[in-house]
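Read through the structure below, which is laid out as structure tokens, and then see the notes.
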Amino acid sequence: MKNGLEDVIAAETLLSDVDGEAGRLIIRGISLDELASTATYESVATLLLDGLMERPVTETELRQQLGFMRTQLFAHVRSLDADLLALPPVDALRALIARLADGEDFDAALRLLAAPAVFLPAILRLQAGREPTEPDATLSQSADILRMLTGRRPSAEQTSALDAYLVTISDHGLNASTFASRVIASTRAGLTSSVLAAISALKGPLHGGAPGPVLDMLDAIGSGENARDWLTQALDRGERLMGFGHRIYRVRDPRADALKQALRPLVSAGQVDRKRIALAESVEQAAVAILRERKPDRPLDVNVEFYTALLLDALGFPRESFTGVFAIGRTIGWIAHAREQALEGRLIRPRSVYVGPLPRAA
Ligand code: ACO
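Numbering (this note's numbering), first residue to last: 7 to 368.
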């Protein structure tokens with residue numbers, strides 16, 4: 007038995023490939039380096055959906071329809087009551103998405119792509135005691151998310167940075183949440199059910215729940231010269247360093263570099279706290295060195311969540327919302343995998359080995 011299904015192949019996919027030895031990610035035949043610096047959210051979504059829906063969709067059409075769908079979904083925000091708003095943002099998001107109809111078609115996919123983009127900014131504003139901002143169907147999904155979050159039209163650098171983030175995390179092989187999405191899809195339950203299962207898997211601290219704690223760690227360390235001592239003590243307490251390590255990568259996660267790159271225009275435009283970036287670089291260096299000393303046989307390097315924390319913080323997302331923003335970006339990957347599974351896969355039904363007691367002989 008493979009604990010954690012490590013190295014087990016459980017699907018054939020046309021969507022993405024993660025090469026853990028080379029530190030390379032390919033999405034539909036295009037390398038992440040190229041995609042992250044050129045693609046928009048809508049272009050990567052079109053790419054991922056290609057051939058998987060009942061009819062072809064162009065990028066222009068997707069952008070228009072997503073804009074329209076955002077305006078349609080805004081009415082759901084009114085049903086956010088005090089109980090839902092008391093939940094962590096990702097849980098409130100999941101609860102609101104659970105109210106959407108299930109389905110397998112393009113309309114269902116469109117609803118699920120637009121829903122977190124509208125719901126998460128509204129949840130965050132209501133939790134902060136502010137009125138939600140209505141969507142603007144004429145904007146791109148990234149620009150509108152930032153506008154709905156802050157109430158102001160974002161700069162071109164901010165919109166590009168969010169696009170780079172959403173593209174970078176759009177799909178990543180058979181990670182835990184994507185596998186959850188495929189398992190549900192294999193029962194033909196519908197895309198909403200797949201996405202709900204995937205969000206539930208994503209929110210755990212070993213998967214998409216890590217970037218908030220990354221910022222907590224940076225705050226607790228405070229300055230570069232404290233990094234080594236702080237990290238040593240955390241490891242001595244048996245803690246894991248958030249934003250480091252990966253099941254597949256044995257080298258740096260290429261998504262960390264893509265996000266570091268995406269931060270640069272924000273730094274040049276003076277839209278990021280440079281001290282925080284310098285601190286993060288010192289912490290990264292110290293952590294990689296200490297992990298190498300402690301685990302010489304298990305390469306543990308920086309992962310996507312480390313630079314996610316810096317980027318989303320720079321864009322004005324509160325740290326408790328980072329997992330929800332991850333869900334906005336990964337929903338396209340979950341949907342594409344769910345469609346691939348439903349179109350070609352069988353019911354996913356592995357076996358377990360029973361190691362419990364046997365009935366007593368009569
Ligand atoms: N800090 C300290 N030690 C670590 C870390 C870490 N971040 N990651 C792994 N290790 C250690 C483990 O303690 C274990 O040591 P042991 O053999 O002495 O028990 C060894 O490295 C192997 O760890 P596993 O748990 O087998 O590795 P696995 O592949 O299951 O874990 C994971 C991958 C969950 C990402 C892990 O590296 C981790 O917990 N990282 C911190 C959380 C994090 O950053 N998550 C985001 C991942 S990226 C994403 O999902 C989008």
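Don't be surprised by glycine CBs; every beta carbon is placed ideally from N, CA and C.
Note that the structure is predicted; figures quoted are calculated from it, not measured.
Buried or exposed (CB count within 10 angstroms, at least 16 for buried), residue i
i    : result
N309 : buried
V289 : buried
L316 : buried
E163 : buried
S183 : buried
Y171 : buried
Q239 : exposed
I15  : exposed
D235 : exposed
L212 : exposed
T44  : exposed
T46  : buried
M154 : buried
A135 : The identity of residue 135 in the sequence shown is Gly, whereas the question assumes Ala. Exposed is the call here.
D150 : buried
R352 : exposed
P356 : exposed
S22  : buried
A367 : exposed
E7   : Looking at the sequence provided, one finds Met at residue 7 rather than Glu. Flag for M7 reads exposed.
Whole-number beta carbon distance between residue j and residue i, since they are thought to touch under 8 Å
i    : j    : result
V50  : S176 : 5 Å
A264 : L54  : Going by Cβ atoms, the distance from A264 to L54 rounds to 17 Å, so no, they are not a contact pair.
S148 : R69  : Between R69 and S148 the Cβ distance is about 11 Å, and since that is not below 8 Å, they are no contact.
T52  : P141 : Going by Cβ atoms, the distance from T52 to P141 rounds to 20 Å, so no, they are not a contact pair.
R261 : A17  : Contact flag wrong, Cβ pair sits at about 21 Å.
Beta-bridge partners of residue i, as assigned by DSSP
i    : result
V308 : F250
I32  : D23, S37
L180 : H178
Test item: CB-CB of residue i and residue j under 9 Å
i    : j    : result
S206 : A233 : no
L168 : D319 : no
G251 : A143 : no
L118 : V83  : no
S200 : I354 : no
A98  : L106 : no
G26  : Y313 : no
A104 : L202 : yes
D173 : S327 : Checking the displayed sequence, the identity of residue 173 turns out to be Val instead of Asp. Their beta carbons are not under 9 Å apart, which means V173 does not touch S327 by this criterion.
L237 : A292 : yes
L102 : A121 : yes
E67  : L197 : no
D307 : R258 : yes
T329 : G218 : yes
R100 : K266 : no
G249 : E311 : yes
Residue i beta carbon near the ligand COA (any heavy atom closer than 8 Å)
i    : result
P260 : Ligands present in the displayed structure are limited to the ligand ACO, and the ligand COA is not among them.
- Item | Touching by the beta-carbon criterion (3+ pairs, under 8 Å), the region 328–344 and the region 107–127 | Yes, the region 328–344 is in contact with the region 107–127.
- Message: I'd like to know if the region 357–364 and the region 16–36 are in contact, where contact means that at least 3 CB-CB pairs between them fall below 8 Å.
- Response: As far as the Cβ criterion goes, the region 357–364 does not touch the region 16–36, which means the pair count is below three.
- Task: Indicate whether the contact test is met: 3 or more Cβ pairs, each with one atom in the region 270–287 and one in the region 51–59, closer than 8 Å.
- Result: With the rule of 3 Cβ pairs closer than 8 Å, the region 270–287 does not count as touching the region 51–59.
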